[in-house]
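Asker:
This is the structure we're talking about:
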């Protein structure tokens, strides 16, 4: 789910508020499923490093968009007589992620439940389609899409940008080798097209004005559920296993000592 573009993503046209349609508003995020695959290796008793590959889908809808600078740029495919549409608009975005990850199991709640913090960073490849919600208008204005990159509607490749963030999660032990994993993350992607609309700065040079392409950070939130399989019998290194091992060794020691409670020492 897209949270937004923090700060001032672009320098707005000075008449944006007055020129925007009454009742216009930004995109409302939709929910779509994705797929992730993560490989982890234990470093210490409560710390793991790994690699994550992911495919995410994002979407948004607005019944009436505000005056984005994109509509005033030369990249707008609509005719000059109708540069700023008042019909409902949508975007569909895909992200391909390659991320380095780290997990810190800071709270082993009990033998089954373990809570962790996650850090991750890497690269995201972003592709998007921005267009009319009703296909009738795509035909009417002969545009197909208003903007596209990195999809079958575009000849340009996906945009690459840094992707990093933090999250919290929990694992619940089902067996010696299988855990159920719950995870929520917040991340920032260095790409302005995650919400479908490319960013432009309104620039005044003397008496001339222009729209100059710019980039921005986009923040996102995600919730995940999955299965963890461990190839190590009786598991990954974590606090509960180390504690169990120490207790076991201590018990064996005391059993051996108590097996001969009245034995005499040699003199």
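Numbering (the UniProt record's numbering), first residue to last: 1 to 267. Note that CB positions come from ideal geometry on N, CA and C, so glycine has one too. Computed from a prediction, not measured in an experiment: that's the story for all the values here.
Roughly how many whole angstroms lie between the Cα atoms of residue 147 and residue 122?
Answerer: Computed Cα separation, rounded: 26 Å.
Asker: At what residues does the beta strand (DSSP E) containing residue 38 begin and finish?
Answerer: Counting along the chain, the beta strand (DSSP E) containing residue 38 begins and ends at 35 to 44.
Asker: Return the chain-ordered list of same chain residues with a C-beta closer than 7 Å to the C-beta of residue 193, the five sequence neighbours on each side being excluded.
Answerer: 126, 128, 149 and 159.
Asker: Does DSSP classify residue 2 as helix, strand or coil?
Answerer: If DSSP states are grouped into helix, strand and coil, residue 2 belongs with the strands.
Asker: Residue 14 by DSSP, collapsed to three states: which one?
Answerer: Residue 14 falls in the coil class under three-state DSSP.
Asker: Taking its Cβ as the centre, do 16 or more other Cβ atoms sit within 10 Å of residue 9, making it buried, or is it exposed?
Answerer: By the 10 Å Cβ count, residue 9 comes out buried.
Asker: Measuring only the C-alpha atoms, how far is residue 177 from residue 229?
Answerer: The alpha-carbon atoms of residue 177 and residue 229 are separated by roughly 6 Å.
Asker: Kindly indicate which three-state DSSP category residue 135 falls into: helix, strand or coil?
Answerer: If DSSP states are grouped into helix, strand and coil, residue 135 belongs with the helices.
Asker: How far does the beta strand (DSSP E) with residue 52 in it reach, from first residue to last?
Answerer: Note, residue 52: beta strand (DSSP E), 47 to 62.
Asker: Please classify residue 19: does DSSP put it in a helix, a strand, or coil?
Answerer: It is helical.
Asker: According to DSSP, is residue 229 helix, strand or coil?
Answerer: Correct three-state label for residue 229: strand.
Asker: Residue 141: which of 78, 213, 93 and 207 sits nearest, CA to CA?
Answerer: The option with the nearest alpha carbon to residue 141 is 78.
Asker: Run through DSSP, which three-state label would residue 118 get?
Answerer: Note: residue 118 maps to strand in three-state DSSP.
Asker: From residue 217 to residue 165, what distance separates their C-alpha atoms?
Answerer: Each residue's alpha carbon lies about 12 Å from the other.
Asker: With a threshold of 8 Å, are at least 3 pairs of Cβ atoms found where one atom belongs to the region 63 to 82 and the other to the region 208 to 215?
Answerer: Cβ pair count under 8 Å is three or more, so yes.
Asker: Measuring only the C-alpha atoms, how far is residue 226 from residue 182?
Answerer: C-alpha separation (whole angstroms): 7 Å.
Asker: Per DSSP, what kind of secondary structure is residue 70 in: helix, strand or coil?
Answerer: Looking at residue 70 - three-state DSSP - the assignment turns out to be helix.
Asker: Closest by CA to residue 57, which one among 21, 95, 88 and 38?
Answerer: Considering only alpha carbons, the answer is 95.
Asker: May I ask which residues mark the beginning and end of the beta strand (DSSP E) holding residue 164?
Answerer: First-last of the beta strand (DSSP E) with residue 164: 159 to 173.
Asker: From what residue to what residue does the beta strand (DSSP E) around residue 30 run?
Answerer: Counting along the chain, the beta strand (DSSP E) containing residue 30 begins and ends at 28 to 30.
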